[in-house]
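The C-terminal residue of the sequence shown carries number 150 in our numbering, and the numbering is unbroken.
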Amino acid sequence: MIDLKIDAERTLHAMEMLRVSCLEASPAMRAIAGDMERAVERNFHSEGRPAWLGLAPGTIASRMRTGTWPGKILQRTGQLAASIESRADATSATVGTNLVYAAIQQLGGTTRAHTITARKGKALAFGGICRRSVHHPGSKIPARPFLALDVDDERQIMESVLLFLTGRLG
């Protein structure tokens, strides 16, 4: 599972205030998890904040043939966006996905080389050449971080923590 971790000093300080106060922090953690999940939803809707790199021309052509283009960059089927889950307990808030391919979308990388074999027909056709199978050298996938927070998201998380603390501490 890919997890989103907050790396913001002010937010971490507020989280430490929760721990030190010995309060039951589960409600605050649930609010934070909700804030992070909404941020991830905004990332998918906006196609990145900042914007993700566009799709390769070959990917666009392939998606046009299957009727999934024009469309959103990481939402050909919607499975990745739909797989986002949040969890919270007394000490942590987590947002992530357990889809195997999520990591390469989040971090970028190169897919492994593999053989493509014809399934529906007897052969594959590329540029007038027909083959039963072809060797694919792998694809370079740019990072498209969907598990990411921007300054406004961090501000919202701070507000959730402060609202919790002022409610509990008077």
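Glycine included, each C-beta is placed from N, C-alpha and C at the ideal position.
Residue environment, residue i, which counts as buried when at least 16 other CB atoms sit within 10 Å
i, result
"S140", "buried"
"G47", "exposed"
"F144", "buried"
"G76", "buried"
From the options, residue whose alpha carbon lies closest to that of residue i
i, options, result
"R99", "V114, I64, L129", "V114"
"S63", "A82, A41, C110", "A82"
"T39", "H25, T97, T71, Q55", "Q55"
"A36", "G107, R111, W49", "W49"
"N23", "Q85, T95, F144", "Q85"
"R(-10)", "T77, M138, T146, S6", "M138"
"P125", "G58, Q59, L33", "L33"
"R67", "S6, A103, M(-5)", "S6"
Beta-ladder partner(s) of residue i, from DSSP
i, result
"K120", "T90"
"F106", "I109"
Should the region 9 to 23 be called in touch with the region 119 to 133, which here means at least 3 C-beta pairs below 8 Å? A contact exists between the region 9 to 23 and the region 119 to 133.
So does the region 114 to 125 actually touch the region 85 to 101, counting three or more Cβ pairs closer than 8 Å? For the pair of segments examined, the region 114 to 125 was found to touch the region 85 to 101: the number of CB pairs separated by less than 8 Å reaches three.
Would you mind listing the alpha helix (DSSP H) stretches within the region 5 to 83 that are 4+ residues and don't spill past its ends, in chain order? List check, alpha helix (DSSP H) in window: 6 to 26, 37 to 46, 59 to 62.
Under 8 Å: do the region 61 to 78 and the region 5 to 13 share three or more Cβ pairs, one atom per stretch? Yes, since at least three Cβ pairs between the region 61 to 78 and the region 5 to 13 fall closer than 8 Å, the two stretches touch.
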